[in-house]
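According to our numbering, the sequence shown holds residues 565 to 851 in order.
Quick reminder that beta carbons are idealized off the backbone N, C-alpha and C, glycines included.
Worksheet: the structure to be examined is printed underneath.
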Amino acid sequence: MTRQQLVEQIKKKQSYLCVGLDTDITKIPEHLLSEPDPVFAFNKAIIDATKDLCVAYKINTAFYEAQGLKGWEAMEKTVHYIGDEHFKIADAKRGDIGNTSDQYAKAFFETMPFDAITVAPYMGEDSVKPFLQHKGKWAIVLGLTSNKGSEDFQKLELWENERLNSWWNLFGSIIHVKPSELQLYKKVLLDVSRWGSTDNLMFVIGATQPAEFENIRKLVPHHFFLVPGVGAQGGSLKDISEKAMTKDCGILINSSRAIIYASAKEDFAEKARAEALSVQQEMKQYL
């Protein structure tokens, strides 16, 4: 899916909601366990109930890989069932040397019809580039995440040194950041943004980091953000929308547990729809 197609879906549905299919077989309604494929049965019902209210689905691959072959099959059936009208994200957080990343890209972009995959940038440019070589596909690179451990490395201040000063001489006047004020995640955003374009590169920015959004938008003013952490993790849709939205929206707000586990009973799909509708109606106010 291209950026233009994604933006068209956002305008059409008045929504920038991404429903996270983090489907845990231990949490789905008990009556589904008698189905031949309980996970797919659950996902299918959630998709049917929410597809007109969201523009994207994010499949967290860990919940499927944990089930072995059955889980992988459920994931494949799910991504095919979603179809082409929605932006399909493989939340796989891959990141390895170039030839390995190339195989991951083929797995999720060719063998399976995902539109995007989340990528960890720690191993550098050659580990990310293979995901950017597929037309109409996206790499969603971890920028500033919503977990508590993000403080361990992502917000580390970088020391002044010759290389950093040289970097600042090139970019400092544009972004108004001095080397002594530069944190690791900010350098990641700036460097990675040059590896691709606004048409094939997004960033994960956690909703539980609202104070950082205005500065992040100055660093990467035109890239789409995938924003987890709204809903069950406590992030504010209003705050994020006001601080991060661009003229063509520029954000996908992911909600997983708050929607898909709105009920553990037979009315789970109905309750999921009600929750998704509530989010969509609020989003409509901000677009």
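Query	Result
Suppose you measure from the CA of Thr-762 to the CA of Asn-663; what does that come to, to the nearest Å?	24 Å
At which residues does the alpha helix (DSSP H) containing Met-639 begin and terminate?	632-646
If we call anything under 7 Å between Cβ atoms a contact, is Ala-638 one with Ile-681?	no
Pull up the distance between the alpha-carbon of Val-683 and that of Leu-597, whole angstroms please.	33 Å
Inspect the CB distances between the stretch 839-850 and the stretch 630-646 and report whether three or more fall short of 8 Å.	no
Which parts of the stretch 772-814 are runs of the beta strand (DSSP E), unbroken and 3 residues or longer, counting only runs that do not cross its ends?	788-791
Given a cut-off of 7 Å on the beta-carbon distance, is the pair Cys-582 and Leu-816 in contact?	yes
Applying the 10 Å Cβ sphere with the 16-neighbour rule, what's the burial state of Gln-568?	exposed
Quick one: measure Cβ to Cβ for Val-768 and Gly-707, integer angstroms, because I've assumed they're closer than 8 Å.	6 Å
Mind checking Gly-632: buried by the 16 CB within 10 Å criterion, or exposed?	exposed
Tell me the rounded alpha-carbon separation between Ser-819 and Lys-782.	25 Å
List the DSSP bridge partners of Ala-703.	Ile-681 and Leu-765
Which residues bound the alpha helix (DSSP H) around Phe-662?	Note on residue identity: the sequence assigns Gly, not Phe, to residue 662. Gly-662 -> alpha helix (DSSP H) spans 662-670.
Helix, strand or coil: how does DSSP classify Asp-655 here?	strand
Confirm, please, whether the CB-CB distance from Ile-804 to Ala-771 is below 7 Å.	yes
Considering only their Cβ atoms, is the gap separating Lys-657 from Phe-678 smaller than 7 Å?	no
Could you pull the DSSP bridge partners for Gln-568 from this structure?	Gln-568 pairs with nothing; no bridge assigned.
Let me know if Phe-788 comes out buried or exposed under the rule of 16 or more other beta-carbons within 10 Å of its beta-carbon.	buried
How many angstroms separate the CA atom of Pro-600 from the CA atom of Leu-841?	30 Å
Measuring alpha carbon to alpha carbon, tell me which residue in Tyr-645, Ile-611 and Phe-672 is nearest Thr-625.	Phe-672
Note down the Cα distance separating Asn-711 from Glu-776, rounded to an integer number of angstroms.	14 Å
Hey, would you say Ile-610 sits closer than 7 Å to Ala-828, going by beta carbons?	no
Who pairs with Ile-623 in a beta bridge, going by DSSP?	Ala-654
Using only the alpha-carbon positions, how far apart do Phe-832 and Ile-704 sit?	30 Å
Looking at the strands, I want to know which residues DSSP matches up with Ser-819.	Val-583
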